[in-house]
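K.L.:
Encoded as structure tokens, here's the structure I'll be asking about.
2 protein chains.
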Amino acid sequence: MAVQKNQSWEPCFASRMAGMQASEIRELLKVAERPDVISFAGGIPDPALFPQNHIRKAYDEILSDPILAGKALQYSLSEGDADLRAWIATHMGSKGIACSPDNILITNGAQQALEFLGKLFISPGDTALVQAQTYLGALQAFAPNQPIYDDLQLENTNRTSSSYRSTAKANDSHVRFSYVVPDFANPTGETMSEGARGKLLDLAHRLNIPIVEDSPYAPLRFEGQPVRSIMALDIDQCGGIERSKVIHCGTFSKIFTPGLRVGWVCARKDIIARLCLIKQASDLNSPAINQLVMLHLARGMYDTQVSKTIAHYRQKRDVMLEALEKYMPNGTIWSRPKGGMFIWLTLAKDIDTAALLPKAVAQCGVAYVPGHAFFADKSANNMLRLSYSLPSISKITPGIAKLAEHFCVD
Amino acid sequence: MAVQKNQSWEPCFASRMAGMQASEIRELLKVAERPDVISFAGGIPDPALFPQNHIRKAYDEILSDPILAGKALQYSLSEGDADLRAWIATHMGSKGIACSPDNILITNGAQQALEFLGKLFISPGDTALVQAQTYLGALQAFAPNQPIYDDLQLENTNRTSSSYRSTAKANDSHVRFSYVVPDFANPTGETMSEGARGKLLDLAHRLNIPIVEDSPYAPLRFEGQPVRSIMALDIDQCGGIERSKVIHCGTFSKIFTPGLRVGWVCARKDIIARLCLIKQASDLNSPAINQLVMLHLARGMYDTQVSKTIAHYRQKRDVMLEALEKYMPNGTIWSRPKGGMFIWLTLAKDIDTAALLPKAVAQCGVAYVPGHAFFADKSANNMLRLSYSLPSISKITPGIAKLAEHFCVD
């Protein structure tokens, strides 16, 4: 028997692990759990909005019926519950995306859809196009496939398909993939114009790459007219979902509850079939019981719940925007989201938001996410993301006041 | 705008997709749902055993408490619920694996653990050691990482670490990984002797590779003395979990219900930390509500439920063994499992179990899994797996009789 030592396992890990690092947001969740901290950090839904009683009744109804309970507690199909997929297909149809249940795969929240899509399309060294600041969780989801990134620029840019192609070529790479959060984006809160969406579609067709449209916040529009989804625009142009290059990710997490982990992908059938293989290999199926409960909620109260959520977050956004106006130092600029959960702040150039965070939490009892976390290249020291979804309304103004003071003093 | 065609996406997929194929078992689930089919196919728990009322009460209790409900329905930590991890750590301790909650990660069933472990250890072209016939879902979980396989031989073999090393070398590869289901294995129903476990440990130490010990069926022993887990044996030898090369996967799926998708990995802390990063990137966290319900069940009725499950499946195994004895043609041999869910049949050499399956289902109304599905190289035409867990006792004998007749006629 060889001598055993308590060696590091590092040399035994696959090289793909080099790009996988802990999410600051998830680590911050731990800090933000302290009751004395006002957390503007995670994009966490307000539990006051969870339809707790409806959820309780749904579980109870399902588990009181022996047939339904047997189904709910058993292994189930990898693609997801047929009735839930049918509901989602109809729902997508109402948003201009005509499709059938075979165009839908159920995932553990939209995060799992992103992980699957990275696996399906990205080989090591491939170029993925993402906006300069983008959803941190997407970068993590793609990381095991070892992409390199190029900045997807959509407004006020002279970059063309040739420019992306030649940048990739200079890195001995090919452009294979694009990813956007078009509505009330995480982290900026901004929404792509219809013009920018058309431009992205054109670019994707020229480069022959999929567009992953990550759309968790789109239903949460506080004001103004909805912009049509990139997938709906594409279907209009190309004549049907089976010709579309867009892959749309949706979720119930921001509407009902993230705790049941029910999201979906909507795409061409041949894409869904491949993603279903990946789902099968990954965890067999999402919990059937949670899918049945979500179907119950979706059928019974989707629109009501969306309206209630919008009203609640709109008020919180208003309070936060007002407090920013009142307290933030001159030279600070911020986004004015028309929906969703996030405001993006840019401070004076010499302010390092990452360096200031530990003190903000320890001394001011306020948490946020430093901007660099959302950049593939970790640049942008003077930016940060604020979320208004979780803290109670009465805490928002004092929290922003403390934060502003912190940035002024330092 | 480039001309759009309804082209195949095949050329756009990452090369890792080439190895990902549909599971025959999962496809069979669809057939086996027909009420007229007696299914010996999937390793599906009997829903009559699900503690439906306890589960209903657990959901109800959690969702009636505003604090607990807020936690149950919210995003949660990627590593899993702290109390559930503590329960599992104590449970593992009672099986000779002294560990702390930091040695436990919660996954969506053991399947997700296997997928994560493939990602952590296997790079394309690496050699993974698996037994000739092994869990099909493990082969699927590892497939995206494009391993090559060598047959892990543990009893009556003269293969040594040098032999595995030189086979790998001949393929321009390195041995990096080993995987076993030591107790009441899927698909054979067989249990590794303590000697074979020691031999595997020795081999893994010589090759400096992890042993993934997949242990879903170990609690379901019908008779005889338990064999100590490979991890417990290793800890005895090396002095503690932080020095162990064994990574143990467990699950509640075969005890309480697979529908909540709650499993776990137990390993050194540095492994768990890496797996936690993978979990975060994959789907953020397993549903907190399902973890809290599982904790409730585990605390309240683990031992009772195990005893009940053992008694039920033992009876079904006895009936199936008796029917095999009575009806199967001469020259058929089968395993006699002392626990778990599976019996492995070897028929006369000229019988092709895959070719005979469609007729078995259509004409005899009986389903099984053809043996070749469990071989990395798809060999072994004359074998098949039977599961006795799902069909009602009264269906087992007539099902086996029909199957025997089918094999005799053809």
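Chains as they are written, first to last, in my numbering: chain A, 127 to 536; chain B, 127 to 536.
The C-beta atom is built at its ideal place from N, Cα and C for all residues, glycine as well.
Quantities reported herein were computed from a predicted structural model and do not represent experimental measurements.
#1: Considering only residues of the same chain and omitting the five flanking positions on each side of S370/B, which have a CB-CB separation below 8 Å?
#2: Indicate whether at least one CB of chain A lies closer than 7 Å to the CB of E320/B.
#3: Would the beta-carbon of S204/B fall within 7 Å of that of K405/B?
#4: Would you verify that the beta carbon of P413/B is, or is not, closer than 7 Å to some beta carbon of chain C?
#5: Indicate whether F268/B and G251/B have their beta-carbon atoms separated by less than 7 Å.
#6: When burial is assigned at 16 or more other CB atoms within 10 Å of the CB, is Q200/A buried or exposed?
#7: So, helix, strand or coil for C225/B, using DSSP?
#8: For L175/B, which of A167/A, P192/A, G169/A, N179/A has the nearest alpha-carbon?
#9: Within this structure, are the beta carbons of V391/A and L401/A separated by less than 7 Å?
#10: With a threshold of 7 Å between beta carbons, is G235/B in contact with chain A?
#11: Do G389/A and T233/A have their CB atoms nearer than 7 Å?
#12: What are the boundary residues of the alpha helix (DSSP H) that includes E241/B?
#13: Would a check of beta-carbon distances place P524/A closer than 7 Å to chain B?
#14: Along the region 414-433 of chain A, where does the CB come closer than 8 Å to a CB of chain B? Name the residues.
#15: Judging by CA-CA distance, which residue of L418/A, A224/A, S461/A, K380/A is the nearest neighbour of L473/A?
#16: Checking contacts by CB at 7 Å: is S408/A closer than that to chain B?
#17: Give me the residue from R443/B, H300/B, G222/B, Q237/B with the minimum Cα distance to V338/B.
#18: Listed from N- to C-terminal order along the chain, which residues in the region 455-471 of chain B have their beta-carbon within a distance smaller than 7 Å of any beta-carbon of chain A?
#19: For the alpha helix (DSSP H) containing F268/B, list its first residue and its last residue.
#20: Buried or exposed: which applies to P273/A, given that a residue is buried once 16 or more other Cβ atoms fall within 10 Å of its Cβ?
#21: Got a sec, what are the start and stop residues for the beta strand (DSSP E) G389/B sits in?
#22: By the three-class DSSP mapping on this structure, what secondary structure does F500/B have?
#23: Short of 6 Å in beta carbon distance, which residues of its chain neighbour L537/B, apart from the five on each side in sequence? Order them along the chain.
#24: Any C-beta of chain A sitting closer than 7 Å to the C-beta of L175/B?
#25: If you draw a straight line from the C-alpha of D298/A to the C-alpha of A502/A, how long is it?
#26: Could you give the C-beta distance for L255/B and L278/B, rounded to a whole number, given that I count them as a contact under 8 Å?
#27: Could you work out which residue in F242/B, N179/B, P496/B is closest to D478/B when comparing CA atoms only?
#28: For S249/B, return the contacting residues in chain A, with the cut-off set at a CB-CB distance below 7 Å.
#29: Based on Cα-Cα distance, which residue from F303/B, W470/B, D444/B lies nearest to F139/A?
#30: With a cut-off of 8 Å, do at least 3 Cβ pairs link the region 427-434 of chain A to the region 255-266 of chain A?
#31: Check distances from the C-beta atoms of the region 256-282 of chain A to those of chain B and list, in chain order, the residues that come in under 8 Å.
#32: Report yes if the CB atom of G196/B is closer than 7 Å to the CB atom of P342/A, and no otherwise.
#33: By Cβ distance, which residues of its chain are closer than 6 Å to C490/B, with the 5 residues on each side in sequence left out?
#34: Are the Cβ atoms of K434/A and I519/A separated by less than 7 Å?
#35: Starting from E339/B, follow the beta strand (DSSP E) in both directions and report where the run begins and ends.
#36: Among the residues of its own chain, which have a CB less than 7 Å from the CB of P517/A, if the five just before and after it don't count?
P.N.:
From the atom records:
#1: M357, D360, I361, C364, A393, R394
#2: no
#3: yes
#4: Chain labels in this structure do not include chain C; the protein chains are A and B.
#5: no
#6: buried
#7: coil
#8: P192/A
#9: yes
#10: yes
#11: yes
#12: 235-247
#13: no
#14: A414, I415, N416
#15: S461/A
#16: yes
#17: Q237/B
#18: none
#19: 262-268
#20: buried
#21: 389-392
#22: helix
#23: No statement about residue 537/B is possible, as the shown extent of chain B runs from 127 to 536 and does not include it.
#24: no
#25: 19 Å
#26: 4 Å
#27: P496/B
#28: A140, S141
#29: F303/B
#30: no
#31: G263, Q266, A267, A269, P270, N271
#32: no
#33: K528, H532
#34: no
#35: 337-340
#36: I164, S165, F166, G525
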